Amino acid sequence: MAGKTLYDKLWEAHLVKERDDGTALIYIDRHLIHEVTSPQAFEGLRIANRKPWRLDTNIATPDHNVPTTDRSAGIEDPVARIQVQALDDNCDEFGILEYKMTDPRQGVLHVVGPEQGAALPGMTIVCGDSHTSTHGAFGALAHGIGTSEVEHVLATQCLIQKKMKNMLIRINGNVGSGVTAKDIVLAIIAKIGTAGGTGYAIEFAGEAIEALSVEGRMTVCNMAIEGGARAGMVAVDDTTVDYFKGRTFAPKGELWDQAVVSWRAFYSDDDAVFDAVVELEGAGIIPQVSWGTSPEMVVAIDQALPDPESESDPVKAEGMRRAYQYMDLKPGMTMGDVVPDRVFIGSCTNSRIEDLRSAAEVAKGRKVDAKVLQALVVPGSGLVKKQAEDEGLDQIFIKAGFEWREPGCSMCLAMNADKLGDGEHCASTSNRNFEGRQGYGGRTHLVSPAMAAAAAVSGRFVDVRELLASN
Amino acid sequence: MEKYEKFSGIVAPLDRANIDTDQIIPKQFLKSIKRTGFGPNLFDEWRYLDEGLPEQDCSGRPLNKEFVLNQDRYQGSSVMVARKNFGCGSSREHAPWALTDFGFKAVIAPSFADIFFNNSFKNGLLPIVLSEEIVDELFQGVFGTEGYSLEVDLANQVINTPDGKSVLFDVDPFRKHCLLEGLDDIGITLEDADAIKAFESKHEVAAPWVFNAIKAEA
Ligand code: SF4
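Take a look at the structure:
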């Protein structure tokens with residue numbers, strides 16, 4: 001009999017019941033809750049007079065709507081204020097742990113969960129947010145759900161699921177220096193397309209992935225959804241285990257030892273069979289930038305922008321033409337021709353301490369170019385912010401002309417005051433470059449934190465490796 | 472949820488691939504804590520010429536006359552056809568809420584993003600997957616004939632075109648059952664409460680650290 005994949009093992013360890021119709025009930029270990037996708041779910045519980053199945057599984061924090069400037073006066077936008085208030089009230093009413101907006105542990109949920117050890121290896125983790133795939137980085141089965149499912153998980157601690165297919169994406173060999181997790185995942189999406197992973201759970205493997213820290217693996221898994229897969233994951237290894245030791249909600253003492261033994265079983269067997277295998281050469285990946293309005297519209301920094309006329313798929317070619325029009329760019333240009341009006345370093349993809357360190361390394365001793373209207377650094381959580389301040393990174397950014405902000409989703413989706421103006425280009429470390437994502441008429445270019453910092457200090461998109469070489 | 476009955480509806484053609492949920496309902500409208508009222512802001516950035524604001528009265532806003540949903544011939548439509556990977560992006564259930572609030576009951580495309588696909592069934596919106604060729608034919612039909620409508624018959628898993636053609640489609644039996652009967656998933660799952668409890672006891676032995684770790688602070 002063929003061996004099992006990591007996904008098979010996680011699935012089996014949480015299978016409550018298989019039903020005759022081919023669906024299954026899957027038990028959920030952790031449920032992360034934020035203000036945007038939960039109010040209607042709590043309302044549903046109240047209407048049906050239902051209680052949460054368990055309380056010790058849930059953790060909440062507001063992140064999408066919160067201002068990233070001084071919060072002591074509350075939220076100015078009345079509609080956002082009501083939504084954050086609704087989360088506070090619901091968590092209080094039902095007895096759910098919440099880090100409120102002014103709590104030093106507040107932050108983007110996908111940063112906070114692992115940071116607190118609330119999300120752990122071997123778990124099933126869900127959240128009403130598609131970037132829940134982030135948590136797969138440490139050998140967990142994690143994916144986004146809709147609001148009806150948020151209510152379903154609250155009420156039953158389970159989800160009705162159909163098993164996905166298995167895909168392996170292997171990066172052979174390591175990547176060069178100055179090439180980050182973000183470049184790896186952008187290169188992957190450019191290769192498989194935004195629907196390439198639809199219906200699959202993706203396991204990322206190979207030397208370049210093994211060499212990444214857990215934070216880097218989170219960046220990769222975060223964007224599994226941009227490749228169409230609800231869940232992305234990486235097998236548990238020493239790096240994973242070390243990352244969780246001593247975290248607030250991680251097991252301690254004997255329980256820790258027991259947990260580590262159990263977690264170490266979460267890898268794919270050598271003889272496991274995948275429904276699809278994709279391979280990339282690590283040495284071939286260099287810093288990446290997205291040029292269009294879909295995360296698959298990506299080029300390496302030294303490449304010319306592609307010509308829709310040479311695209312054989314007519315639907316794809318039409319999408320490219322539309323993207324060129326929206327982005328006000330032309331085939332044949334290079335990204336070096338583009339001036340970023342704003343720069344955003346943040347989001348659940350790239351706002352952890354290592355991301356800030358790598359951006360600071362580039363910003364150090366340099367100045368944000370005069371053509372750049374604003375460069376924002378938004379740490380992923382209050383604890384990341386504090387850590388960065390302890391290391392003096394905030395001062396490096398501020399001296400270079402960046403703004404140093406409070407944690408939240410911020411300009412990743414512009415639900416708060418941080419947004420692009422109509423027609424502005426942005427070098428952004430977030431994950432989506434859809435039309436209007438970062439503000440009405442805004443034009444997003446997805447890059448790594450180091451590339452974003454390099455764009456900020458150069459006033460155009462450049463290969464960060466050139467700056468690093470002169471450091 | 473209401474029972475999903477057989478119906479016939481005008482078809483609106485949205486001739487694009489990779490339509491994402493940020494387009495279906497832009498983020499500023501996600502601040503609502505209700506499930507209803509999203510219809511006027513469906514495809515807000517394509518439908519209007521100005522930038523939409525939450526809780527705004529949309530009746531006086533300048534319309535983008537070229538956008539499909541603003542064209543006279545597609546008024547009152549309840550079926551949408553689109554290209555592949557419909558509903559990609561954010562998990563926001565506000566996307567199917569906006570589509571149904573507007574009046575859509577079915578979306579036909581060669582493929583859908585997983586989370587959107589799931590969310591739709593829970594809100595009385597039927598996503599129908601058909602081959603690229605058939606979707607192409609439907610586009611041609613809709614563009615060529617004013618008032619083009621389709622009959623959607625979920626019970627028999629078939630759509631009937633005005634020229635008398637019947638096209639079968641696949642649907643997951645459980646989801647079909649829930650839609651046809653208007654059933655609430657949670658109620659169905661809770662019928663298995665004993666199985667969930669039994670699993671939980673077993674799981675607590677295998678992975679005790681999962682339990683009793685997180686508590687609300689006083
Ligand atoms: S940072 Fe962006 S992608 Fe991540 S949860 Fe927030 S809005 Fe979503």
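If you're matching them up, the sequences are chains A and B in order. Those letters in the first sequence? Residues 1 to 471, by this note's numbering. Those letters in the second sequence? Residues 472 to 689, by this note's numbering. Every residue gets a Cβ at the ideal spot worked out from N, C-alpha and C, and that includes glycine. Remember, predicted model here, so these are calculated numbers, not experimental data.
Original post:
Among residues of its own chain, excluding the 5 on either side of A259 (chain A), which ones have a beta-carbon nearer than 7 Å to its beta-carbon?
Top reply: As a first step, residue 259 (chain A) is located in the first sequence; it is residue number 259 there, counting from the start. Cβ within range, chain order: P251.
**OP:** Within the same chain, show all residues whose beta-carbon is closer than 7 Å to that of V111 (chain A), passing over the 5 residues directly before and after it, in chain order.
**Re:** In the first sequence, counting from the first residue as 1, residue 111 (chain A) sits at position 111. Cβ neighbours of V111 (chain A) beyond the five flanking positions: C348, S351, R352, G380, S381, V384.
Subject >> Endpoints, the alpha helix (DSSP H) within which M451 (chain A) is located >> reply: As a working note, residue 451 (chain A) is residue 451 in the first sequence. Residues 449-458.
Original post:
Does the Cβ of L446 (chain A) have 16 or more other Cβ atoms within 10 Å, making it buried, or fewer, making it exposed?
Top reply: For this step, residue 446 (chain A) is matched to residue 446 along the first sequence. The residue is buried, with at least 16 neighbouring Cβ atoms inside 10 Å.
Subject >> Inter-residue CB distance, I579 (chain B) and V606 (chain B) (contact presumed, cutoff 8 Å) >> reply: For this step, residue 579 (chain B) is matched to residue 108 along the second sequence. For this step, residue 606 (chain B) is matched to residue 135 along the second sequence. The Cβ separation is near 7 Å, so the contact holds.
Original post:
Can you find a C-beta in chain B that's less than 9 Å from the C-beta of S294 (chain A)?
Top reply: For the purposes of this step, residue 294 (chain A) is taken as residue 294 along the first sequence, with counting starting at 1. Output row for S294 (chain A): interface = yes.
Subject >> Outcome for F614 (chain B) when other beta-carbon atoms lying within 10 angstroms are tallied against a minimum of 16 >> reply: Locating residue 614 (chain B) in the second sequence gives position 143, counting from the first residue. By the neighbour-count rule (16 or more Cβ atoms within 10 Å), F614 (chain B) is not buried but exposed.
Original post:
Between the beta-carbon of D77 (chain A) and the beta-carbon of T57 (chain A), is there less than 9 Å?
Top reply: Counting from one through the first sequence, the residue named residue 77 (chain A) turns up at place 77. Counting from one through the first sequence, the residue named residue 57 (chain A) turns up at place 57. Not a contact, by the Cβ cut-off of 9 Å.
Subject >> Every unbroken beta strand (DSSP E) inside the region 284-310 of chain A [3 residues or more] >> reply: 288-290, 298-300
Subject >> Limits of the beta strand (DSSP E) - the one that P598 (chain B) falls within >> reply: The count along the second sequence starts at 1 and reaches residue 598 (chain B) at position 127. Where P598 (chain B) is concerned, the enclosing beta strand (DSSP E) stretches over 597-600.
Subject >> Presumed contact (8 Å Cβ cut-off) between I82 (chain A) and A60 (chain A), rounded CB distance >> reply: Taking the first sequence and counting its residues from 1, one reaches residue 82 (chain A) at position 82. Taking the first sequence and counting its residues from 1, one reaches residue 60 (chain A) at position 60. Between I82 (chain A) and A60 (chain A), the beta carbon gap of about 16 Å keeps them out of contact (Cβ cut-off 8 Å).
Original post:
Based on the DSSP output, what are the partners of F583 (chain B) in its beta bridges?
Top reply: The residue given as residue 583 (chain B) occupies position 112 in the second sequence. B:F557.
Subject >> Whole-angstrom distance between A119 (chain A) and S213 (chain A), CA atom to CA atom >> reply: In the first sequence, residue 213 (chain A) corresponds to position 213, counting from 1. In the first sequence, residue 119 (chain A) corresponds to position 119, counting from 1. Going by the C-alpha atoms only, they are around 17 Å apart.
Subject >> Chain-ordered chain B contacts of H152 (chain A) [CB-CB under 8 Å] >> reply: Residue numbering aside, residue 152 (chain A) sits at position 152 when the first sequence is read from its first letter. Simply D656, I657, T660.
Subject >> Neighbouring residues, chain B, relative to P121 (chain A) (Cβ below 8 Å) >> reply: The residue given as residue 121 (chain A) occupies position 121 in the first sequence. The contacting residues do not exist; P121 (chain A) stays about 10 Å from chain B at best.
Original post:
Which residues mark the beginning and the end of the beta strand (DSSP E) in which K17 (chain A) is found?
Top reply: Against the first sequence, residue 17 (chain A) aligns to sequence position 17. Looking at the DSSP string, the run of the beta strand (DSSP E) that includes K17 (chain A) is 15-18.
Original post:
Would you say the beta carbon of C348 (chain A) comes nearer than 8 Å to a heavy atom of ligand 1?
Top reply: On the first sequence, residue 348 (chain A) is found 348 positions in, with the first residue counted as 1. For ligand 1, at least one heavy atom lies less than 8 Å from the Cβ of C348 (chain A).
Subject >> Contact between the region 587-602 of chain B and the region 553-570 of chain B (3+ Cβ pairs under 8 Å) >> reply: yes
Original post:
Listed in chain order, which residues of the region 555-572 of chain B have Cβ atoms closer than 7 Å to some Cβ of chain A?
Top reply: K555, N556, C559, G560, S561, S562, R563, E564
**OP:** Take I192 (chain A) and list the residues in its own chain whose beta-carbon comes closer than 7 Å to its own, dropping the five residues that flank it on each side.
**Re:** To locate residue 192 (chain A), count along the first sequence from 1; it is residue 192. Taken in chain order, the residues that qualify are G227, V278.
**OP:** Determine, using beta carbons only, whether P484 (chain B) comes closer than 9 Å to chain A.
**Re:** Taking the second sequence and counting its residues from 1, the one referred to as residue 484 (chain B) is at position 13. Cβ-Cβ to chain A under 9 Å: no for P484 (chain B).
Original post:
What residues in the region 490-513 of chain B have a beta carbon less than 8 Å from any beta carbon of chain A?
Top reply: D491, D493, Q494, P497, K498, Q499, L501, K502, S503, I504, K505, R506
Original post:
Between V613 (chain B) and chain A, is there a C-beta pair that is closer than 9 Å?
Top reply: In the second sequence, counting from the first residue as 1, residue 613 (chain B) sits at position 142. Judged by the 9 Å Cβ criterion, V613 (chain B) is not in contact with chain A.
**OP:** Answer yes or no: does any C-beta atom of chain B fall closer than 9 Å to that of L25 (chain A)?
**Re:** What you label residue 25 (chain A) is simply residue 25 of the first sequence in a count that begins at 1. Taking Cβ atoms only, chain B reaches closer than 9 Å to L25 (chain A), which makes this a yes.
**OP:** Using a cut-off of 9 Å between C-beta atoms, extract the partners of A553 (chain B) located in chain A.
**Re:** Against the second sequence, residue 553 (chain B) aligns to sequence position 82. What A553 (chain B) touches in chain A: nothing, since even the nearest Cβ is about 11 Å away.
Original post:
So with Cβ pairs under 9 Å, would you call K691 (chain B) a contact of chain A?
Top reply: As displayed, chain B neither begins before 472 nor continues past 689, which places residue 691 (chain B) out of reach and without an answer.
Original post:
Run through DSSP, which three-state label would S696 (chain B) get?
Top reply: An answer regarding residue 696 (chain B) cannot be provided, because it is not within the stretch 472 to 689 covered by chain B.
**OP:** Rank B:Y519, B:I496, B:D521, B:E516 by C-alpha distance to the C-alpha of G510 (chain B) and give the top, closest one.
**Re:** The count along the second sequence starts at 1 and reaches residue 510 (chain B) at position 39. For the residues B:Y519, B:I496, B:D521, B:E516, the minimum Cα distance to G510 (chain B) belongs to B:I496.
**OP:** Write down the C-beta distance between G558 (chain B) and I481 (chain B) rounded to the nearest angstrom, noting that I regard them as a contact closer than 8 Å.
**Re:** Taking the first residue of the second sequence as position 1, residue 558 (chain B) is located at position 87. Taking the first residue of the second sequence as position 1, residue 481 (chain B) is located at position 10. Contact flag wrong, Cβ pair sits at about 21 Å.
Original post:
From P104 (chain A) to I47 (chain A), what distance separates their C-alpha atoms?
Top reply: Working through the first sequence from its first residue, we reach residue 104 (chain A) at position 104. Working through the first sequence from its first residue, we reach residue 47 (chain A) at position 47. Approximately 34 Å, taken between the alpha carbons.
Original post:
Taking the alpha carbon of G292 (chain A) as the point to measure from, which residue in A:E435, A:K182, A:L6 has its own alpha carbon closest?
Top reply: Reading the first sequence from its first residue, position 292 is the one you call residue 292 (chain A). Per the Cα distances, A:E435.
Subject >> Enclosing alpha helix (DSSP H) for P78 (chain A) [first to last residue] >> reply: Start at 1 with the first residue of the first sequence, and residue 78 (chain A) comes out as number 78. That run of the alpha helix (DSSP H) goes 78-94.
Original post:
Do we get a CB-CB distance below 9 Å when we pair N166 (chain A) with the residues of chain B?
Top reply: Here residue 166 (chain A) is taken as the residue at index 166 of the first sequence, counted from 1. With 9 Å as the cut-off, N166 (chain A) does not count as an interface residue toward chain B.
Subject >> Buried versus exposed call for M333 (chain A) [16 or more other C-beta atoms within 10 Å across all chains shown] >> reply: Position 333 of the first sequence, counting from 1, holds the residue named residue 333 (chain A). It is exposed - the Cβ of M333 (chain A) has fewer than 16 other Cβ atoms within 10 Å.
Subject >> I685 (chain B) to L97 (chain A) span [Cα, whole Å] >> reply: In the second sequence, counting from the first residue as 1, residue 685 (chain B) sits at position 214. In the first sequence, counting from the first residue as 1, residue 97 (chain A) sits at position 97. Answer to the nearest angstrom: the Cα atoms are 7 Å apart.
Original post:
Looking at H674 (chain B) and H14 (chain A), is the spacing between their C-beta atoms short of 9 Å?
Top reply: Within the first sequence, residue 14 (chain A) is the residue found at index 14, counting from 1. Within the second sequence, residue 674 (chain B) is the residue found at index 203, counting from 1. In this structure, H14 (chain A) lies near H674 (chain B), with their beta-carbon atoms less than 9 Å apart.
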